[in-house]
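Using the working numbering, you'd call the opening residue of the sequence shown number 2 and step up by one each time. Presented below is the structure to which this report refers.
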Amino acid sequence: MVVRKYFNKGHQRYVRLTNLCSRRTACFTIVVPHQRDPRGSLAKGATKDVHYGTTWGSRALFVKNSSC
2 MVVRKYFNKG HQRYVRLTNL CSRRTACFTI VVPHQRDPRG SLAKGATKDV HYGTTWGSRA
62 LFVKNSSC
């Protein structure tokens, strides 16, 4: 799992993630202070823009891999 970039679209915050593994699905957790951490999964070899909050809230600190 690789973080390509953090960006805003309108008043929404997104992170672009890419799963470099071509064999299995990757699961992730986006760590955001003072909020419940969004979780999700990414298919084999996929790239996805994941919404995690609004511009009024805190920015994501990092994205960590988690067990599926």
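Note that beta-carbon positions come from the ideal geometry of N, C-alpha and C, so glycine has one too. Note that the coordinates shown come from a computational prediction; the quantities given were computed from them, not determined experimentally.
Are the Cβ atoms of Ile-31 and Val-3 separated by less than 8 Å? no
Identify every residue that forms a DSSP beta bridge with Thr-55. According to DSSP, which records beta bridges pairwise, Thr-55 is partnered with Gln-13.
Among Ser-67, Asn-66, Leu-62, nearest to Pro-34 - alpha-carbon criterion: Leu-62
Between the beta-carbon of Tyr-7 and the beta-carbon of Arg-40, is there less than 8 Å? no
Cα-Cα, which of Gly-11, Thr-48, Trp-57 is closest to Leu-21? Thr-48
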